[in-house]
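Visitor: Have a look at this one before I ask anything.
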Amino acid sequence: MSSLAGVLVADFSRVLAGPYATMLLADLGAEVVKVERPGAGDDTRAWGPPHADGEATYYLGVNRNKRSIALDLTDTSDVDIARGLAARADVLVENFRPGTMERLGLGYSALKERNPRLVYCSITGFGSGAGAGLPGYDLLVQAVGGLMSVTGEPDGPGTKTGVAVVDVITGLHAAIGVLAALRHRDQTGEGQHVEVSLLSSLLSALVNQGAGYVSAGVVPSRMGNRHPSIAPYEVFDTRDRPIAVAVGNDRQFQSLCAVLGRPDLAADPRYATNTSRVAARGALAASLSETLSSGTADDWFEALTAAGVPCGPINDVAAAFALAGALGLDPVIEIADPRRDAPVPQVANPIRLDAAPPQYRLAPPRLDEDGAWVREMLGR
């Protein structure tokens, strides 16, 4: 039996943070009903290329195990169906601008009167207070939230990450909040309002960079691929392609020096401890670069890994999936869905559970594919 079997989720979210959270809940067994705009649906249905069989892969990546119903939330009869779904649901997830759901009669205060057990999760860009009117786009939050100020080369502009990582982090926080609220409901019988914002989620995810500021007043800056508190912890050129070296302690540094044939570095008092290595990182990096450039990335990867030194080449996405497959992590699954002619490949849920593992029941739905099913469930 799945962990969340019997849990009905009304998903009023779109794009990434909300759909990612609800997909995680769906993988764990929840029945998720995705409410979409008639004719257009989730914005990500139009976010391509790339496409697979005419569908945007962006949409396909975060909407499996869901059912779709198209409802016009400006139409009285469709809003009535939406309210009926919310009254039946265990969880509701939405990421409209604050105040929108209230104007539709779908705000938490109104819905909890009919459904006091409802766990209602609101995802915003900047909270429901003074930042309520600000648009919550990942790039914007990476910019104003400090992430771009610590990403990129020291002499270059701030750079966004290659994935909408703030949306993903926020979706994870939202899913955790929902699970905690469901646990609370199991104990008390009462639902509650869960609120998660992109900005707060990013500030939490700054971890060591954020802690350095709030605890020591240090405002970090861009360091390229270097780490502000560890050395050597960066990318080096080899004879053929770059390699990342992540030395986390003194023992690993001694092993690195041994493999590289550089006992002089191991004996140098400037490099005796991590703190001293950070202070002298420029000179250390120059010496390491000189030696690493004499061999290939694969040769160094094999030798250093055998010695317990964390390192690895910079893979492209194809090579990353190949590595995960070679390690037995089964990163790709296929969903055979009677609603489609062929199985749909998906990135696997990374959570492993012995008793109730994630399930892959339904491929991402086409727009309004389950409208009749939802109406029947609601007796409409």
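So for the sequence shown, our numbering puts the first residue at 793; every next one is plus one. Virtual Cβ for every residue (Gly too), placed ideally from N, Cα, C. Here the structure is a predicted model, which is why all the values come from computation and not from measurement.
Mind listing, in chain order, the continuous alpha helix (DSSP H) runs of no fewer than 4 residues lying wholly within the region 1024-1094?
Guide: 1042-1052, 1055-1059, 1066-1071 and 1073-1084
Visitor: Can you tell which of A1155, R1132, P1130 and L1145 has the C-alpha that lies nearest to the C-alpha of V1139?
Guide: Translated into positions along the sequence shown, residue 1139 becomes position 347. Out of A1155, R1132, P1130 and L1145, A1155 has the C-alpha closest to the C-alpha of V1139.
Visitor: Taking 8 Å as the cut-off, decide whether the C-beta atoms of A813 and V799 are in contact.
Guide: By one-based count along the sequence shown, residue 813 stands at place 21. By one-based count along the sequence shown, residue 799 stands at place 7. Cβ distance not < 8 Å, so A813 and V799 don't count as in contact.
Visitor: Suppose contacts are defined by Cβ-Cβ distances below 8 Å. Is P946 in contact with S989 by that definition?
Guide: Counting from 1 along the sequence shown, the entry for residue 946 is found at position 154. Counting from 1 along the sequence shown, the entry for residue 989 is found at position 197. Not closer than 8 Å, so no.
Visitor: On the CB-based measure, 16 or more other CB atoms within 10 Å of its CB, does A956 come out buried or exposed?
Guide: Residue numbering aside, residue 956 sits at position 164 when the sequence shown is read from its first letter. Its Cβ being crowded by 16 or more others within 10 Å, A956 is buried.
Visitor: Relative to the alpha-carbon of R977, which residue among D864, L910 and R1167 has its alpha-carbon at the smallest distance?
Guide: For the purposes of this step, residue 977 is taken as the residue at position 185 of the sequence shown. Comparing Cα positions, the closest option is L910.
Visitor: Report yes if the CB atom of R1167 is closer than 8 Å to the CB atom of I968, and no otherwise.
Guide: The sequence position of residue 1167 within the sequence shown is 375, counting from 1. The sequence position of residue 968 within the sequence shown is 176, counting from 1. No.
Visitor: Straight-line CA distance for I1035 to L1121?
Guide: Your numbering for residue 1035 matches position 243 in the sequence shown. Your numbering for residue 1121 matches position 329 in the sequence shown. When rounded, the distance between both Cα atoms is 23 Å.
Visitor: Suppose contacts are defined by Cβ-Cβ distances below 8 Å. Is P1105 in contact with R1033 by that definition?
Guide: Locating residue 1105 in the sequence shown gives position 313, counting from the first residue. Locating residue 1033 in the sequence shown gives position 241, counting from the first residue. Yes, they are a contact pair.
Visitor: By how many angstroms is the C-alpha of L994 removed from the C-alpha of L939?
Guide: Along the sequence shown, one-based indexing puts residue 939 at 147. Along the sequence shown, one-based indexing puts residue 994 at 202. Going by the C-alpha atoms only, they are around 8 Å apart.
Visitor: Please report the distance separating the alpha-carbon of R856 from that of N1066.
Guide: Counting from 1 along the sequence shown, the entry for residue 856 is found at position 64. Counting from 1 along the sequence shown, the entry for residue 1066 is found at position 274. The straight-line gap from Cα to Cα measures roughly 45 Å.
Visitor: Flag this pair as yes or no: are the beta carbons of V1027 and A1095 separated by less than 8 Å?
Guide: In the sequence shown, the residue the question calls residue 1027 occupies position 235. In the sequence shown, the residue the question calls residue 1095 occupies position 303. No; because the gap between Cβ atoms is not below 8 Å, this pair is not in contact.
Visitor: Which two residues bound the contiguous alpha helix (DSSP H) that contains G981?
Guide: By one-based count along the sequence shown, residue 981 stands at place 189. No alpha helix (DSSP H) holds G981; DSSP gives it neither H nor E.
Visitor: Out of G919, L974 and L808, state which residue places its alpha-carbon closest to the alpha-carbon of L964.
Guide: For the purposes of this step, residue 964 is taken as residue 172 along the sequence shown, with counting starting at 1. If we check each option's Cα against that of L964, L808 comes out closest.
Visitor: Can you check whether the CB of R859 is closer than 8 Å to the CB of K826?
Guide: Position 34 of the sequence shown, counted from the first residue, corresponds to residue 826. Position 67 of the sequence shown, counted from the first residue, corresponds to residue 859. Against a cut-off of 8 Å, the Cβ pair of R859 and K826 comes out as a contact.
Visitor: Relative to the C-alpha of I1125, which candidate in A1008, F1113 and R1131 has its C-alpha closest?
Guide: Translated into positions along the sequence shown, residue 1125 becomes position 333. The residue with the shortest Cα to Cα distance from I1125 is F1113.
Visitor: Apply the 10 Å Cβ neighbour rule to S805 and answer buried if 16 or more other Cβ atoms are within range, or exposed otherwise.
Guide: The residue you call residue 805 lines up with position 13 of the sequence shown. The residue in question, S805, is buried, as its Cβ has 16 or more Cβ neighbours within 10 Å.
Visitor: Looking only at DSSP bridge pairs, what is R859 linked to?
Guide: Here the question's residue 859 lines up with position 67 in the sequence shown. In the DSSP output, where bridge partners are listed per residue, R859 has V825.
Visitor: Quick check on DSSP: helix, strand or coil for I1106?
Guide: As a working mapping, residue 1106 is identified with position 314 in the sequence shown. Coil, per DSSP.
Visitor: What residue does the beta strand (DSSP E) around P1137 start on, and which one ends it?
Guide: Residue mapping note: residue 1137 aligns to position 345 of the sequence shown, counting from 1. Note, P1137: beta strand (DSSP E), V1136 to V1139.
Visitor: Among P949, F888 and G1087, which has the Cα closest to the Cα of A935?
Guide: To locate residue 935, count along the sequence shown from 1; it is residue 143. Among P949, F888 and G1087, the Cα nearest to that of A935 belongs to P949.
Visitor: Considering just the uninterrupted stretch of the alpha helix (DSSP H) at A1164, what are its terminal residues?
Guide: In the sequence shown, residue 1164 corresponds to position 372, counting from 1. Taken as a continuous stretch (DSSP letters only), the alpha helix (DSSP H) holding A1164 covers G1163 to M1169.
Visitor: When you compare the CB positions of Y1063 and L1076, do they come within less than 8 Å of one another, or not?
Guide: As a first step, residue 1063 is located in the sequence shown; it is residue number 271 there, counting from the start. As a first step, residue 1076 is located in the sequence shown; it is residue number 284 there, counting from the start. Yes, the Cβ-Cβ distance between Y1063 and L1076 is below 8 Å.
Visitor: What would DSSP say about R802, mapped onto helix, strand or coil?
Guide: The count along the sequence shown starts at 1 and reaches residue 802 at position 10. Sequence check: residue 802 is Ala here, not Arg. Reduced to three states, the DSSP call for A802 is strand.
Visitor: Would you tell me roughly how many angstroms separate the C-alpha atoms of T892 and P842, rounded to the nearest one?
Guide: Sequence index remark: in the sequence shown, residue 892 carries index 100 (1-based). Sequence index remark: in the sequence shown, residue 842 carries index 50 (1-based). Cα to Cα, the separation comes out at about 32 Å.
Visitor: Which residues in the same chain as A973 place their Cβ atom closer than 6 Å to its Cβ, once the five residues preceding and following it in sequence are excluded?
Guide: The residue labelled residue 973 in the question sits at position 181 within the sequence shown. If we look at A973 and ignore the five residues flanking it on each side, its Cβ neighbours are V911, Q984 and V986.
Visitor: In chain order, what residues of the same chain have a beta carbon less than 6 Å from the beta carbon of H1019, not counting five sequence neighbours either side?
Guide: One-based indexing of the sequence shown puts residue 1019 at position 227. Answer for H1019: Y1025, listed in chain order.
Visitor: How big is the Cα-Cα spacing for A922 and L896?
Guide: Position 130 of the sequence shown, counted from the start, is the residue given in the question as residue 922. Position 104 of the sequence shown, counted from the start, is the residue given in the question as residue 896. In a straight line, the C-alpha of A922 is about 21 Å away from that of L896.
Visitor: DSSP puts I1022 in a beta bridge; with which residues?
Guide: Along the sequence shown, one-based indexing puts residue 1022 at 230. In the DSSP output, where bridge partners are listed per residue, I1022 has none listed.
Visitor: For the alpha helix (DSSP H) that contains E894, what are its first and last residues?
Guide: Walking along the sequence shown from the start, residue 894 turns up at place 102. Taken as a continuous stretch (DSSP letters only), the alpha helix (DSSP H) holding E894 covers T892 to R895.
Visitor: Throw me the rounded Cβ distance for the V883 and V801 pair, which I believe falls under 8 Å.
Guide: Residue 883 sits at position 91 when you count from the first residue of the sequence shown. Residue 801 sits at position 9 when you count from the first residue of the sequence shown. So it is a contact: roughly 4 Å between Cβ atoms.
Visitor: Just curious, the beta strand (DSSP E) that L1154 is in, first and last residue?
Guide: Position 362 of the sequence shown, counting from 1, holds the residue named residue 1154. Here L1154 belongs to no beta strand (DSSP E), and DSSP marks it neither H nor E.
Visitor: Please look up how many angstroms separate the CB atoms of G944 and T953, rounded, as I've assumed it's under 8 Å.
Guide: For the purposes of this step, residue 944 is identified with residue 152 of the sequence shown, where counting begins at 1. For the purposes of this step, residue 953 is identified with residue 161 of the sequence shown, where counting begins at 1. With a Cβ gap of about 10 Å, G944 and T953 do not count as contacting.
Visitor: Whose CA, out of V999, A878 and G981, lies closest to the CA of G937?
Guide: Translated into positions along the sequence shown, residue 937 becomes position 145. For G937, the closest C-alpha among the options V999, A878 and G981 is that of V999.
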